[in-house]
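Per my numbering, numbering of the sequence shown is gapless, rising by one per residue and ending at 817.
No residue lacks a Cβ here, since even glycine has one placed at the ideal position from N, Cα and C.
Beneath this line is the structure, given in structure tokens, with notes to follow.
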Amino acid sequence: MNPQWERRAPGRSSARRVPLRLTLKPPSSPAGAVDGGWWPRSMDPLAEFPAMIAGVTDQVGPVSKVAYNMEAWGDAPRRIVIDGEVVRLEGVSSLDPHTVFVSGHSWRRKTLLVVPPDASENTAQAALMRAARPGTRGGAERILAAGGGGRAPDGAVPVPRGGPRDGGS
């Protein structure tokens, strides 16, 4: 395939072993605005997405697509190969910069809160726990704001949906 559209991400065996900062609600939990939280170490999709994908595979099955806010994250190819599986990466400007959507081949999916990489340990841990708690209400911004982390992953104050970033007024 054309290298500009597909890149091989490091497999779990070749990636540097660092703890994955990911929490997920139990599979039996009712759906909410988010299904868990993730605290990446950077906003580099190629560096961060492979480990996150591996972390959600038990609940969504083999991952087929990751949708993310393309203004909050760095550049990414349209596809990556992880452990022999092609995963489509879809940058969407209207997606909340505090979330990523992960879809499996079996139509199972998860919406993850994205805790900004520069969040303090206390803020991040509190947000991760709230995001994974069954019955937690409120979207990503509300969960982050409750812990003092109500900023977009790039540090900017989020623009409400329908605002100037995505063609609204």
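Whole-angstrom distance between residue j and residue i, CA atom to CA atom
i           : j           : result
residue 740 : residue 686 : 19 Å
residue 772 : residue 784 : 16 Å
residue 703 : residue 710 : 11 Å
residue 677 : residue 782 : 6 Å
residue 786 : residue 777 : 14 Å
residue 726 : residue 736 : 6 Å
residue 666 : residue 742 : 31 Å
Beta-carbon proximity check, residue i vs residue j, cutoff 7 Å
i           : j           : result
residue 682 : residue 759 : yes
residue 774 : residue 673 : no
Exposure label - residue i; buried when at least 16 CB within 10 Å
i           : result
residue 755 : exposed
residue 699 : buried
residue 751 : buried
residue 764 : buried
residue 744 : buried
residue 788 : buried
residue 717 : buried
Where the alpha helix (DSSP H) containing residue i begins and where it ends
i           : result
residue 792 : 788-794
Q) In chain order, which beta strand (DSSP E) runs of at least 3 residues are fully inside the region 682-742? A) 684-686, 711-716, 727-730 and 733-739
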